[in-house]
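Just so you know, the sequences run in chain order D and R.
The numbering of the first sequence is the working numbering, which starts it at 794 and goes up by one.
The numbering of the second sequence is the working numbering, which starts it at 794 and goes up by one.
Notes to accompany the following structure.
There are 2 protein chains.
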Amino acid sequence: MARKTGSHSEITGPLVRKAAQRLFARKGFAAVTMREIAAEVGVQAGALYLYTPDKQTLLFELMKTHMQDVLDAWQRAPKGEGPLRRLEAFCRFHIRFHLERPDDVFIAYMELRSLTPENFAVIEKMRHEYEDHLEEILAAGQAEGVFRIPDTRLATMAIIAMLTGVNTWFREGGRLSRERVERIYWNMVRRAVGA
Amino acid sequence: MARKTGSHSEITGPLVRKAAQRLFARKGFAAVTMREIAAEVGVQAGALYLYTPDKQTLLFELMKTHMQDVLDAWQRAPKGEGPLRRLEAFCRFHIRFHLERPDDVFIAYMELRSLTPENFAVIEKMRHEYEDHLEEILAAGQAEGVFRIPDTRLATMAIIAMLTGVNTWFREGGRLSRERVERIYWNMVRRAVGA
DNA sequence: ACTTGATGTGAACGGGTGTTCAGTTATTGA
DNA sequence: TCAATAACTGAACACCCGTTCACATCAAGT
Numbered sequence: 794m795a796r797k798t799g800s801h802s803e804i805t806g807p808l809v810r811k812a813a814q815r816l817f818a819r820k821g822f823a824a825v826t827m828r829e830i831a832a833e834v835g836v837q838a839g840a841l842y843l844y845t846p847d848k849q850t851l852l853f854e855l856m857k858t859h860m861q862d863v864l865d866a867w868q869r870a871p872k873g874e875g876p877l878r879r880l881e882a883f884c885r886f887h888i889r890f891h892l893e894r895p896d897d898v899f900i901a902y903m904e905l906r907s908l909t910p911e912n913f914a915v916i917e918k919m920r921h922e923y924e925d926h927l928e929e930i931l932a933a934g935q936a937e938g939v940f941r942i943p944d945t946r947l948a949t950m951a952i953i954a955m956l957t958g959v960n961t962w963f964r965e966g967g968r969l970s971r972e973r974v975e976r977i978y979w980n981m982v983r984r985a986v987g988a
Numbered sequence: 794m795a796r797k798t799g800s801h802s803e804i805t806g807p808l809v810r811k812a813a814q815r816l817f818a819r820k821g822f823a824a825v826t827m828r829e830i831a832a833e834v835g836v837q838a839g840a841l842y843l844y845t846p847d848k849q850t851l852l853f854e855l856m857k858t859h860m861q862d863v864l865d866a867w868q869r870a871p872k873g874e875g876p877l878r879r880l881e882a883f884c885r886f887h888i889r890f891h892l893e894r895p896d897d898v899f900i901a902y903m904e905l906r907s908l909t910p911e912n913f914a915v916i917e918k919m920r921h922e923y924e925d926h927l928e929e930i931l932a933a934g935q936a937e938g939v940f941r942i943p944d945t946r947l948a949t950m951a952i953i954a955m956l957t958g959v960n961t962w963f964r965e966g967g968r969l970s971r972e973r974v975e976r977i978y979w980n981m982v983r984r985a986v987g988a
């Protein structure tokens, strides 16, 4: 078979990651067996080790890729000018991006404790980096007198928790459209920061 | 030994629940073994089955007791008069109560998927009952013109997600006192609902 | 035609899983 | 004193775990 890299199948590899992602999100890392993942892909358990050195690395790579995707996507997202517009951009981006990747989000928030300490440190750092983007917006708005926030770090955590919470109840085709949810949440955030 | 009920030891029983609670919160239900719990208590694994029919029931009872505690505590909590004071009471109650039981909260939010469908339905119903208490406050305030909320259900979910998020970062003896955190969060909620 | 190497099988490895149960111990009430 | 029983042990049960590896398959490159 024609190979471009020294790695393995470009077909089975992604299938393994997708199956693992779906199963980890649904049942939790510890409750999923390598044989389950293999069955989902349509191979025997041993074949998985052509694509990952072990189960822990499989989880870590999923989480790292997700966090990198978030950071890259926010970097590329249109942001507008001024703290108010930037905050709106962030809120809408966060909701939209997370709703598009419910499994990844679930894993990233629930399986931190399943990571080895070294892997945890890596993911935690990336998460903190993302949170800092929001905190910078809040701090800038506070400095300009656009926001009235007693503690920017606390407001950061509150806003992210609130926005991420959408994933726990939102269902496509439900009572509210994604656009409507985005607008309502943005308005709550805007008022919460006193703007 | 003098027994009042037909059940078993009133010493070891609670110890089992506390050990399970701590371990489930720290490592996750699926990652904790009955032998680990037994070791924490200081007995052999077989002895646990004097206090629970199986591992699943142990988890379910922990979660059910916690949810019942939340509902009872809110029922008993001082609430003040009018939607604004009631909302403040709810916010402060939620933060305080949850910060006092970090392990229970962690389990209740993370291990829903580890429950059997029947057990899940029971817990989900209790959770919904709690959420409804908040939604009723919001609806009353909206009706009286004290709040400006486009969608009470959505505001309910947003507020609860925001308040529960405190548990992920708050540390006793940290930069902010619990009272200060309560006040800041309450102010954010108050502004978010337009009051 | 033949070697190469990617892709995968299927059995095995050592160890761990939840759960059961016959038997031991210790304390009790009569 | 002694039968009753709560509390617990320690071994066993049947099965599942992540991971390894000798071996098979088969398309591609020379």
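Just so you know, even glycine gets a beta-carbon here, dropped at the ideal spot from N, CA and C.
Item, Value
"At 8 angstroms on the CB atoms, spell out the chain D contacts of R:Ser907, in chain order.", "Gly821, Ala824"
"Terminal residues of the continuous alpha helix (DSSP H) containing D:Ala870?", "Premise fails: D:Ala870 is in no alpha helix (DSSP H) and is neither H nor E."
"At the level of alpha carbons, what is the spacing between R:Phe817 and R:Val898?", "11 angstroms"
"Measuring only between beta-carbons, confirm whether R:Ile930 sits less than 8 angstroms from chain D.", "no"
"Who are the neighbours of R:Met903 on chain D, taking C-beta pairs under 8 angstroms?", "Met903"
"Comparing alpha-carbon positions, which option in R:Ile930, R:Asp925, R:Ala948 lies nearest D:Tyr978?", "R:Ala948"
"Would R:Glu924 and R:Leu864 be called neighbours here (beta carbons separated by less than 8 angstroms)?", "no"
"Just the chain D side, please: which residues come within less than 8 angstroms of R:Pro943 by C-beta, in chain order?", "Ile977, Asn980"
"Please give me, in chain order, every unbroken run of the alpha helix (DSSP H) with length at least 4 that falls completely inside the stretch 798-879 of chain D.", "805-820, 827-834, 848-869"
"Kindly indicate which three-state DSSP category R:Ala985 falls into: helix, strand or coil?", "helix"
"Is it the case that the Cβ atoms of R:Arg976 and R:Leu892 are separated by a distance below 8 angstroms?", "no"
"On the three-state DSSP scale, how would you describe R:Thr945?", "helix"
"Over the uninterrupted alpha helix (DSSP H) stretch that includes D:Leu905, give me the two end residues.", "D:Leu905 -> no alpha helix (DSSP H), and no H or E assigned at all."
"Could one say the Cβ of D:Leu969 lies closer than 8 angstroms to chain R's Cβ atoms, at least one of them?", "yes"
"Nearest chain R C-beta to D:Met950 closer than 8 angstroms, yes or no?", "yes"
"Give me the residue from R:Val836, R:Glu803, R:Thr858 with the minimum Cα distance to R:Gln814.", "R:Thr858"
"Is D:Phe883 near D:Ile942, with beta carbons less than 8 angstroms apart?", "no"
"Within 8 angstroms of any Cβ in chain D, is that where the Cβ of R:Val898 sits?", "no"
"So which of D:Thr957, D:Thr909, D:Lys918, D:Ala838 has the shortest CA-CA distance to D:Phe890?", "D:Thr957"
"Could you give the C-beta distance for D:Met955 and R:Ala954, rounded to a whole number, given that I count them as a contact under 8 angstroms?", "5 angstroms"
"Which residue marks the beginning of the alpha helix (DSSP H) containing D:Phe913, and which one marks its end?", "910-937"
"Going by C-alpha distance, which of D:Gly967, D:Glu937, D:Arg810 is nearest D:Gly875?", "D:Glu937"
"Report yes if the C-beta distance between D:Arg906 and R:Lys820 is below 8 angstroms; otherwise report no.", "yes"
"On a CA-only basis, which of R:Gly934, R:Trp962, R:Glu904 is nearest D:Ala823? Give me that one, please.", "R:Glu904"
"Using a Cβ-Cβ distance cut-off of 8 angstroms, determine whether D:Leu947 contacts chain R.", "yes"
"Going by Cα to Cα distance, which pick from D:Val836, D:Ile952, D:Glu833, D:Arg946 is closest to D:Arg885?", "D:Ile952"
"Does R:Val974 come within less than 8 angstroms of chain D when only Cβ atoms are used?", "yes"
"So what does DSSP say about R:Arg971, is it helix, strand or coil?", "helix"
"Return no unless some Cβ of chain D is closer than 8 angstroms to the Cβ of R:Ala914.", "no"
"Suppose you measure from the CA of D:Thr850 to the CA of R:Lys848; what does that come to, to the nearest Å?", "29 angstroms"
"R:Arg984 versus chain D: which residues are under 7 angstroms apart at the beta carbon?", "Arg984, Ala985, Gly987"
"Along chain R, which residues have their Cβ under 7 angstroms away from the Cβ of D:Gly958?", "Met950, Ala951, Ala954"
"Going along chain R, which residues have a C-beta under 8 angstroms from D:Trp962?", "Met950"
"Who are the near neighbours of D:Glu881 in its chain, counting only those whose CB is closer than 6 angstroms to its CB and skipping five residues on each side?", "Trp979"
"In or out: D:Leu841 buried (at least 16 other Cβ within 10 Å) or exposed?", "buried"
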